[in-house]
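K.L.:
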Amino acid sequence: MCLAIPAQVILMNENQMAEVDIHGVTRTVSLSMTPEAEVGSWVLIHAGFSIQVVDEEFAAESWELIKQIEWDDGDMAEVGADATEVGV
Amino acid sequence: MADLLSAWRDPELAKHLVELIAEAADRPMKIMEVCGTHTVAIARFGLREVMPPNVTLISGPGCPVCVTANRDIDFAIEIGRLPNVVITTFGDMMKVPGSYSSLSREKADGRDIRIIYSPLDALKIAETEPEKQVVFMGVGFETTIPTIAVTIKEAKKRGLTNFSVLSVHKTVPKALEALINDPEVQIDGFILPGHVSTIIGPEPYRFLATQYHVPGVATGFEPIDVLQGVWMLARQIKEGRAEIEVAYRRGVNADGNPTARALIEEVFEPSDSDWRGIGVIPGTGLAIRAEFADFDAAKRFDVTPPVPKDIPGCKCGSVLRGVILPFECKLFGKGCTPEHPIGPCMVSSEGSCAAYYRYTDYGR
Ligand code: SF4
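Residue numbers (the working numbering), protein chains in the order written: chain A, 150 to 237; chain B, 78 to 441.
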């Protein structure tokens, strides 16, 4: 339940909220746990929150793995389409 | 196995790591992967099968919905039966059985139970439906807990009077201590959860090494990451060392995420928590602090759930402690499959039973 998905910050909103791009899907997330994130930063997203700023290479690798693992079953496909996450 | 090789980012490096593990594993070693996502990665890529004979990988208690005790699920269900209440929760929680029902069965029976993606979504529901009491069933480890802390702070800031959280959150390090102290369980090293460690960093695990001489390695979710983690553990065990190391430097800072930890600290205080299969472990739960008591569903709703009971035949509790492997449960693959799950370890997509069933031949 705790796997986090990589995303890139594309727009800062008010109240520590931001728009992020998750593999072509735009989502609004909270940056309250990573106040240092800025437009262009790569972050790990979990339950609508950015939990860590990461580098781009890492983000790309993580995404590949998430695709491999989660696209396999029904629940996970839903999870992926919704760009949410699982894992610890 | 064909899958395994094509899935590895670098099969040569993977092979080399397996050789290194075999070299280091000069005695039988039981290594527990704590995290459900690791369990899925290990099963998916067949890593358990390529381990040398001396290395046994066992799955642990790292699927948050699996370790949620029946009585906590029963409590949420009872609140959901009150008039005008909306229960919100993550999708994984829906099908997990309590003693007599599950949230999805309650929904089918007409209760207002909604799956949300982020706890902030529950706030939105509370704002747009002020006549309802919106309760978020908060399940999860350190990765998830700060998101709930922010949500509770936000509810207070917005002055919401119809939002509360049922906190059944759990923290990981002391649960590992309970497993070490369990005479039925033998663990020579822990593969520590990657994203829990992103928040807490390696420090909170240190006592496992210093007090109990059990090493741990925090690692990521790539097959190569997992193999590297196992190799680092095998090396420590061979050399008689016990340290907490990080093989996931890209995702785990030395200090974790201090902002996230400060948020947890502000809203929650340590409490006892009941873990399925393990029992009550002091200090592994998180109660909402008095300052935020208005948002504590356990205080707001006076309900008395029936006496909890176990699911007949389900050995999920022993699976979560690493005492048995999923296929050692008589129901595995017989009465219990992902399509017709009996226990939480088969319900959850990252439960050990589900991971074994989906990706291995056991039980067929
Ligand atoms: S196979 Fe099913 S019944 Fe057996 S332990 Fe796993 S979840 Fe429980």
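The beta-carbon is built from N, C-alpha and C at its ideal position, and this holds for glycine as well.
Does DSSP classify B:Ile268 as helix, strand or coil?
P.N.:
Sequence index remark: in the second sequence, residue 268 of chain B carries index 191 (1-based). In the structure shown, B:Ile268 sits in a strand (DSSP, three-state: E or B).
K.L.:
By Cβ distance below 7 angstroms, which residues in the same chain neighbour B:Ile190 in space, the five residues on each side in sequence not counted?
P.N.:
Translated into positions along the second sequence, residue 190 of chain B becomes position 113. Within the same chain, B:Ile190 has close Cβ partners Gly157, Ile164, Leu180, Glu183, Lys184.
K.L.:
Identify the contact partners of B:Ala337 in chain D, using a Cβ-Cβ distance below 8 angstroms as the criterion.
P.N.:
Reference to chain D is not applicable here, since the protein chains of this structure are A and B.
K.L.:
Can you give me the C-alpha to C-alpha distance between B:Arg148 and B:Leu200, rounded to a whole angstrom?
P.N.:
The count along the second sequence starts at 1 and reaches residue 148 of chain B at position 71. The count along the second sequence starts at 1 and reaches residue 200 of chain B at position 123. Straight-line Cα distance between these residues: approximately 26 angstroms.
K.L.:
For B:Phe404 and B:Leu237, I'd like the C-alpha separation in whole angstroms.
P.N.:
Position 327 of the second sequence, counted from the start, is the residue given in the question as residue 404 of chain B. Position 160 of the second sequence, counted from the start, is the residue given in the question as residue 237 of chain B. Between B:Phe404 and B:Leu237, the C-alpha separation is close to 48 angstroms.
K.L.:
Quick one: does B:Cys164 have its CB under 8 angstroms from some CB of chain A?
P.N.:
Stepping through the second sequence from its first residue, residue 164 of chain B is reached at position 87. It should be pointed out that residue 164 of chain B corresponds to Ile in this sequence rather than to Cys. No - not a single Cβ of chain A is within 8 angstroms of the one on B:Ile164.
K.L.:
Within the continuous alpha helix (DSSP H) that includes A:Met161, where are the two ends?
P.N.:
Position 12 of the first sequence, counted from the start, is the residue given in the question as residue 161 of chain A. Per DSSP, A:Met161 belongs to no alpha helix (DSSP H); it is in the beta strand (DSSP E), 154 to 161.
K.L.:
What is the C-beta distance between B:Val227 and A:Ser199, in whole angstroms, given that I count them as a contact (C-beta under 8 angstroms)?
P.N.:
Translated into positions along the second sequence, residue 227 of chain B becomes position 150. Translated into positions along the first sequence, residue 199 of chain A becomes position 50. 11 angstroms between Cβ atoms; not a contact.
K.L.:
Can you pull the chain A neighbours of B:Asn334, defined as C-beta to C-beta under 9 angstroms?
P.N.:
Within the second sequence, the letter at position 257 stands for residue 334 of chain B. Ordered by position in chain A, the residues that pass the 9 angstroms Cβ test against B:Asn334 are Met182, Thr183, Ile200, Gln201.
K.L.:
Extract the residue ranges of the alpha helix (DSSP H) inside the region 255 to 326 of chain B, only unbroken runs of 4 or more that lie entirely within it.
P.N.:
271 to 277, 283 to 289, 300 to 315
K.L.:
Let me make sure I understand the geometry here. Which of B:Gly293, B:Val212, B:Phe213 has the alpha-carbon closest to that of B:Val249?
P.N.:
Counting from one through the second sequence, the residue named residue 249 of chain B turns up at place 172. Taking only the C-alpha atoms, the option nearest B:Val249 is B:Gly293.
K.L.:
With H, G and I counted as helix, E and B as strand and the rest as coil, what does DSSP make of A:Leu193?
P.N.:
As a working note, residue 193 of chain A is residue 44 in the first sequence. Note: A:Leu193 maps to strand in three-state DSSP.
K.L.:
For chain B, check one thing: does any of its Cβ atoms lie closer than 8 angstroms to the Cβ of A:Val160?
P.N.:
What you label residue 160 of chain A is simply residue 11 of the first sequence in a count that begins at 1. First, the residue type needs correcting, since residue 160 of chain A is Leu and not Val in the sequence shown. It does not: the Cβ of A:Leu160 has no partner Cβ on chain B nearer than 8 angstroms.
K.L.:
Determine whether the beta carbon atoms of B:Ile264 and B:Val291 lie at a separation below 8 angstroms.
P.N.:
One-based indexing of the second sequence puts residue 264 of chain B at position 187. One-based indexing of the second sequence puts residue 291 of chain B at position 214. Going by C-beta atoms, B:Ile264 is nearer than 8 angstroms to B:Val291.
K.L.:
Going by the C-beta, is B:Val396 closer than 7 angstroms to any heavy atom of ligand 1?
P.N.:
Within the second sequence, numbered from 1, the residue matching residue 396 of chain B stands at position 319. Flag set: Cβ of B:Val396 near ligand 1.
K.L.:
Which stretch, first to last residue, makes up the alpha helix (DSSP H) that contains B:Met423?
P.N.:
Counted from its first residue, the second sequence places residue 423 of chain B at position 346. Taken as a continuous stretch (DSSP letters only), the alpha helix (DSSP H) holding B:Met423 covers 421 to 424.
K.L.:
Give a yes or no on whether the minimum CB-CB distance between B:Ser195 and chain A is below 8 angstroms.
P.N.:
Taking the first residue of the second sequence as position 1, residue 195 of chain B is located at position 118. Closer than 8 angstroms: yes.
K.L.:
Does B:Thr224 have its Cβ less than 8 angstroms from a Cβ in chain A?
P.N.:
If you number the second sequence from 1, residue 224 of chain B lands on position 147. At least one chain A Cβ lies under 8 angstroms of B:Thr224.
K.L.:
Could you tell me the boundaries of the alpha helix (DSSP H) in which B:Arg338 lies?
P.N.:
In the second sequence, residue 338 of chain B corresponds to position 261, counting from 1. Membership of B:Arg338 in the alpha helix (DSSP H) is indicated by the continuous run 335 to 344.
K.L.:
Does any residue of chain B bring its CB to less than 8 angstroms from the CB of A:Gly173?
P.N.:
Numbered from its first residue, the first sequence carries residue 173 of chain A at position 24. No, A:Gly173 does not count as interfacial toward chain B.
K.L.:
Ligand 1 and B:Ser392: does any heavy atom of the ligand fall closer than 7 angstroms to the residue's C-beta?
P.N.:
Residue numbering aside, residue 392 of chain B sits at position 315 when the second sequence is read from its first letter. The sequence given here places Lys at residue 392 of chain B; Ser does not occur at that position. Indeed, a heavy atom of ligand 1 lies less than 7 angstroms from the Cβ.
K.L.:
Consult DSSP for B:Val212 and reduce its assignment to one of helix, strand or coil.
P.N.:
Counting from one through the second sequence, the residue named residue 212 of chain B turns up at place 135. DSSP places B:Val212 in strand when its eight states are reduced to three.
K.L.:
For A:Gln165, collect the residues of the same chain with a Cβ closer than 8 angstroms to its Cβ; drop the 5 residues on either side in sequence, then sort them by chain order.
P.N.:
Sequence index remark: in the first sequence, residue 165 of chain A carries index 16 (1-based). Around A:Gln165: Ser179, Leu180, Ser181, Pro184.
K.L.:
Could you spell out the range, first to last residue, of the alpha helix (DSSP H) harbouring B:Leu90?
P.N.:
As a first step, residue 90 of chain B must be located in the second sequence, where it is residue number 13. Going by DSSP, B:Leu90 is part of the alpha helix (DSSP H) stretching over 88 to 101.
K.L.:
Starting from the beta carbon of A:Gly189, find every residue of chain B whose beta carbon is closer than 8 angstroms, and list them in chain order.
P.N.:
Translated into positions along the first sequence, residue 189 of chain A becomes position 40. Those do not exist, as A:Gly189 stays about 18 angstroms from chain B at its closest Cβ, beyond 8 angstroms.
K.L.:
Could you tell me the distance, in whole angstroms, from the CA atom of B:Thr28 to the CA atom of B:Cys430?
P.N.:
Summary: the structure shown does not reach residue 28 of chain B, with chain B confined to residues 78 through 441, and so no result is reported for it.
K.L.:
Can you name the residues that DSSP bridges to A:Met166?
P.N.:
Along the first sequence, read from residue 1 onward, the residue named residue 166 of chain A stands at position 17. Partner(s): A:Ser179.
K.L.:
Between which two residues does the alpha helix (DSSP H) holding B:Ile355 run?
P.N.:
Stepping through the second sequence from its first residue, residue 355 of chain B is reached at position 278. Run containing B:Ile355: none; DSSP gives neither H nor E here.
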